[in-house]
Amino acid sequence: MGFFDRFRRRDPDVALPLYDAIVAHARQPHWYVEGQVPDTLDGRFDMIAAVLAMLLLRLEDDSDGTILSVQLTERFVDDMDAQVRQIGFGDMVVGKHIGRMVSMLGGRLGAYREGLANDGLDAALIRNLYRGDAPNPAAVAYVATTLTDLRRGLDAIPVAALAEGALP
Numbered sequence: 034m035g036f037f038d039r040f041r042r043r044d045p046d047v048a049l050p051l052y053d054a055i056v057a058h059a060r061q062p063h064w065y066v067e068g069q070v071p072d073t074l075d076g077r078f079d080m081i082a083a084v085l086a087m088l089l090l091r092l093e094d095d096s097d098g099t100i101l102s103v104q105l106t107e108r109f110v111d112d113m114d115a116q117v118r119q120i121g122f123g124d125m126v127v128g129k130h131i132g133r134m135v136s137m138l139g140g141r142l143g144a145y146r147e148g149l150a151n152d153g154l155d156a157a158l159i160r161n162l163y164r165g166d167a168p169n170p171a172a173v174a175y176v177a178t179t180l181t182d183l184r185r186g187l188d189a190i191p192v193a194a195l196a197e198g199a200l201p
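Residues 34 to 201 in this note's numbering are what the sequence shown spells out, letter by letter.
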């Protein structure tokens, strides 16, 4: 396999089981109740992006995860494209919105990577998940601890099992 073959678009359904598991995980009520994540369109996007970021950070630590990471990101883009169209955005603006969403995901990846490596996720969560409007500290701590536990739990799952949708 050549270098560029790693990034060539493959079967879009390959990452579907994992992406579906991510969305289901992000929609669990505990995030919105104990974690006080706003149960709004933006809040649901932010929660999916947070769980997806934990998976992408796990995959970047494993050379076997490169292809799955690309496929998972493509699946995210496809899903966001469909969601934006369902809301009613026309072709002329869909690309701009998808570009912003991918950029937001990239920013979250950097912020969560840094938070996990340094002083914790609280500041990154307040800025990205809660969009600057922090709930009570116990809710932020709940989400930070639960996402950190998720990220650690992912280390024990082989890439092949992740691709099938296995999450801790």
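For glycine and all other residues, C-beta sits at the position ideal for the given N, C-alpha and C. All values derive from a computational prediction rather than experimental measurement.
Asked, Found
"Per-residue DSSP class, three states only, for residue 181", "helix"
"Residue 164, enclosing alpha helix (DSSP H) - first and last residue", "Careful: residue 164 lies outside any alpha helix (DSSP H) and carries neither H nor E."
"Proximal residues to residue 95 (C-beta, below 7 Å), its chain only, five neighbours per side dropped", "192"
"Buried versus exposed, by CB contacts within 10 Å (16 or more), residue 66", "exposed"
"Whole-angstrom C-beta distance between residue 141 and residue 83, which should lie under 8 Å", "7 Å"
"Residue 190 versus 162, 97, 64, 73, residue with shortest Cα-Cα distance", "97"
"Whole-number beta carbon distance between residue 154 and residue 145, since they are thought to touch under 8 Å", "6 Å"
"Alpha carbon of residue 50 to alpha carbon of residue 161, nearest angstrom", "26 Å"
"Range of the contiguous alpha helix (DSSP H) that encloses residue 77", "74 to 93"
"Span of the alpha helix (DSSP H), counted from its first residue to its last, around residue 53", "49 to 59"
"Supposed contact pair residue 68 and residue 194 - C-beta distance, whole angstroms, cut 8 Å", "Going by Cβ atoms, the distance from residue 194 to residue 68 rounds to 26 Å, so no, they are not a contact pair."
"Contacting residues, own chain, Cβ-Cβ under 7 Å from residue 102 (five flanking each side not counted)", "89, 92, 93"
"Alpha-carbon spacing of residue 116 relative to residue 185, whole angstroms", "30 Å"
"For residue 190, the three-state DSSP class (helix, strand or coil)", "coil"
"Proximity winner among 106, 113, 169, 168, relative to residue 87 (alpha-carbon distances)", "106"
"Other residues of its chain near residue 53: CB distance less than 8 Å, five sequence neighbours each side excluded", "198"
"Residue 187 beta carbon less than 8 Å from that of residue 168", "no"
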